[in-house]
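Working notes, beginning with the structure itself.
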Amino acid sequence: IGRWPVKQPVGWRRRIQLKWVAYLRAWRSRSVLEGLVGTILITAGSLTPAYLPLNSPWWSRLDEAGLRGSTWRIVGTLLVLVGVGLLVDSWLRLRPGREPRDLGAEPLPKHVRRYFKHRPGIRAGLRPWAVLGVWGLPFLLAPPIFSHDAYSYAAQGWLLENDGSPYEGYPGLLPGACADQVAQEWRYTKTPYGPLALAVQHLIVHLTGDNPYWSAVFMRIPAVLGVIAIGLLMSRVARRVGRDPHFAAWFSTLNPILVVDFIGGAHNDSLMMGLVVIGLWLACMTSWSWLLGAVLVGAAAAVKQPALMVAVALPFIRHPMESWHPRHLFPALGRAVWSLAVSVAVFAGISWASGLGFGWYHAVDVPGMVLTVSPFPLVGMGVRMILGLFGAHQAAAAVIPIAQAIGVLVGAALLVVMAIRLLPRKPLSFLALGFLAVALCAPALHSWYVLWGALLLPLIDKAARYVRPAVWTTVILLSFDAVNLSWRNSAVALGVALVLVLAARLVWHERSLGQGWTHKDVHVPHRHTAHEQS
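All residue numbers for the sequence shown refer to the numbering used here, where the first residue is 64 and numbers rise by one.
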């Protein structure tokens, strides 16, 4: 007890064998297989009238099988809802049997780093990437799930394929199957995505032979690459900064929102966060490796611009600012400016090389054009309803834009406060909480936006205090997606029933934890301080 385990190095053939053994072991776990059944049911539901766009090639097959009509819409909705419930239950069952803890951020011996390199698992004998590989398998060739954004990606790639620009045009500019797949609210809007995202979309459309449906399905390739980076590196980043790798593996890598939205929904946020996690991993390596991390962050910002916030935090991971004294302040500021400059230079270089420029700037307000569950617009909707009751219709029409503007100002103020209080000595806390502040104060809020900060929560100080609200938020966001789907298919009662079941399951789960969680856990050795030893 208290000693570091010694692990001898193994050859590459043995490493491959261990990887296969870990993957096969995941298939033998009942909890993992429960999640697999959940993703299979979600995939089956996505192939029914409950979710397919109007011009999907699956409609002809559904006609041949006689699976059209309101009855099958209800059946498809039920399949998806049951699948979500099973996936959440499986996730809760795999939770490590203790609260996350700080393990100390002192430099670790080489053999200890090697030990954790092979043991970032969530449970004895299970590896997070193996569990993720089992759960995500049914989604790989399925239509986009819980969101039709991937169809917009395909339409934007098709626009580039025809020498257009999504920064100047919109999917409806080229009528046809690609445009018909896009949701009505986005069919005539420009895109706010970065140039690297558009270049990837163009490449996928070209490689699929301009096929509208398969172009949307294969938008999952960059999303899966991002998920692979998250699955392989999140535990290692947590270990390097002295945080609990098992909690990071469970909450970040196996989060149901990541499985459903990043793999199933094929959102380009997955590629962005994958590049961010690689950048953080590089920044933990050596005193100057944050420069390499800044290059990756610049590429991530070329996918979605919020990633640029990570650049200023990278140098502080290895070089926390000791005080606000000028002899500590100016070197820290210099490193932060250099990191930001490198990321901006990479972003600008990609923009120039792609030939698309910075046209995304004119579409930054596009996500806020559709009302979502973002807190400030919701408050604005309430105020608008009150004003409408009193007949002030002209004033009511201006309420929501004002509420969105107030949200942006509040988010900016929160970032400034966090930068002063957290960035110098707790850069990862700044990133996690800062991303959450940006997502919650933005004009639009989606579950995959929340993942920006949620993925980094296990890396912050005293992460245990955020476990309960983070788990509840995960379940609430999935419940909202489920209710939204059931509402579109005139089956709100099914969505409400799932919400009640998930709430009861989560309450029982927390009570089980309070009475002593019985699941086995991988022992995480740590050095005893002099106080602990005494």
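For each residue, glycine too, the CB sits at the ideal point set by N, CA and C.
At which residues does the alpha helix (DSSP H) containing residue i begin and terminate?
| i | result |
| --- | --- |
| Ile103 | Arg93 to Ser109 |
| Gly636 | Missing from the structure shown is residue 636; the chain here goes from 64 to 597 and no further. |
| Leu548 | Val530 to Arg551 |
| Gln247 | Element bounds for Gln247: n/a, residue is neither H nor E. |
| Gly412 | Pro389 to Ser417 |
| Ala213 | Asp212 to Glu224 |
| Met335 | Asp332 to Ala346 |
| Gln264 | Pro258 to Leu270 |
| Ser492 | Pro490 to Cys504 |
| Gly289 | Arg283 to Arg303 |
| Trp515 | Ser510 to Ala517 |
| Gln467 | Val462 to Arg484 |
| Tyr276 | Pro275 to Val280 |
| Asp307 | No alpha helix (DSSP H) holds Asp307; DSSP gives it neither H nor E. |
| Pro438 | Pro438 to Leu452 |
| Thr349 | Thr349 -> no alpha helix (DSSP H), and no H or E assigned at all. |
| Arg124 | Trp121 to Ala128 |
Answer with buried or exposed for residue i, where buried requires no fewer than 16 other C-beta atoms within 10 angstroms of its C-beta.
| i | result |
| --- | --- |
| Thr537 | buried |
| Lys35 | The displayed coordinates of the chain run from 64 to 597. Any statement about residue 35 would go beyond what the structure contains. |
| Tyr424 | exposed |
| Thr106 | buried |
| His456 | exposed |
| Trp83 | exposed |
| Asp428 | exposed |
| His388 | exposed |
| Arg131 | exposed |
| Leu563 | exposed |
| Leu541 | buried |
| His586 | Interpretation of His586 is limited by its pLDDT of 35, a score under 50 that renders its predicted location unreliable; the figure taken from the coordinates is listed afterwards. So His586 ends up on the exposed side. |
| Ser210 | buried |
| Gly101 | buried |
| Leu480 | Per the sequence shown, residue 480 should be read as Val rather than Leu. It is exposed - the Cβ of Val480 has fewer than 16 other Cβ atoms within 10 Å. |
| Leu472 | exposed |
| Pro68 | At Pro68 the pLDDT is 44, less than 50, meaning the model places this residue with poor confidence; the figure from the coordinates comes in the next sentence. By the 10 Å Cβ count, Pro68 comes out exposed. |
| Phe281 | buried |
| Tyr251 | exposed |
| Gln247 | exposed |
| Ala168 | In this predicted model, Ala168 has a pLDDT of only 44, less than 50, meaning its place in the structure is not dependable; the value taken from the coordinates is given anyway. It counts as exposed. |
| Gly146 | buried |
| Pro112 | buried |
| Met448 | exposed |
| Met432 | exposed |
| Arg390 | exposed |
| Pro532 | exposed |
| Leu494 | buried |
| Ile380 | buried |
| Ser123 | exposed |
Could you give the C-beta distance for residue i and residue j, rounded to a whole number, given that I count them as a contact under 8 Å?
| i | j | result |
| --- | --- | --- |
| Lys253 | Ala426 | 4 Å |
| Trp249 | Leu99 | Trp249 to Leu99, Cβ: 32 Å. No contact. |
| Ala458 | Leu450 | 5 Å |
| Thr338 | Ala362 | According to the sequence provided, residue 338 is Leu. The question's Thr does not apply to it. With 8 Å as the limit, Leu338 and Ala362 qualify as a contact, their Cβ atoms being about 5 Å apart. |
| Arg382 | Ala374 | This sequence places His at residue 382; Arg is not what is there. That belief does not hold up - the Cβ atoms of His382 and Ala374 are roughly 14 Å apart, past 8 Å. |
| Val268 | Glu224 | 5 Å |
| Arg306 | Cys347 | Not quite, the Cβ-Cβ distance comes to about 11 Å (not below 8 Å), so this is no contact. |
| Leu503 | Pro438 | 6 Å |
| Gly328 | Ala205 | Not a contact, Cβ separation roughly 10 Å. |
| Pro378 | Ala399 | 6 Å |
| Ala137 | Ala554 | Before going further, note that residue 137 is Ile rather than Ala in the sequence given. Contact flag correct, Cβ pair sits at about 5 Å. |
| Leu317 | Leu195 | 6 Å |
Any beta-carbon of chain D closer than 8 Å to the one on residue i?
| i | result |
| --- | --- |
| Gly272 | Among the chains in the structure shown there is no chain D, since it carries only a single protein chain. |
- Message: So, does the stretch 438-446 touch the stretch 467-482, judging by three or more C-beta pairs under 8 Å?
- Response: yes
- Is it a yes or a no for the stretch 289-298 touching the stretch 268-281, going by three-plus beta-carbon pairs under 8 Å? Taking 8 Å as the limit for Cβ pairs, the verdict is that the stretch 268-281 does not touch the stretch 289-298.
- Query: Given 8 Å as the limit, is there contact between the stretch 391-409 and the stretch 510-529, that is, 3 or more CB pairs closer than that?
  - Reply: no
- When the Cβ atoms of the stretch 232-243 are set against those of the stretch 110-129, are three or more pairs found closer than 8 Å? The stretch 232-243 is in contact with the stretch 110-129.
- Query: At a cut of 8 Å, does the stretch 490-500 reach the stretch 369-377 through at least three beta carbon pairs?
  - Reply: Output reads yes: the stretch 369-377 touches the stretch 490-500.
- Message: I'd like to know if the stretch 227-234 and the stretch 333-350 are in contact, where contact means that at least 3 CB-CB pairs between them fall below 8 Å.
- Response: Verdict: no, contact absent.
- Check whether the stretch 142-155 touches the stretch 318-325, taking contact to mean three or more Cβ pairs, one atom from each stretch, closer than 8 Å. Yes, the stretch 142-155 is in contact with the stretch 318-325.
- May I ask you to verify whether the stretch 263-272 touches the stretch 301-314, counting CB pairs closer than 8 Å and requiring at least 3? Because the criterion of three Cβ pairs below 8 Å is not met, the stretch 263-272 and the stretch 301-314 do not touch.
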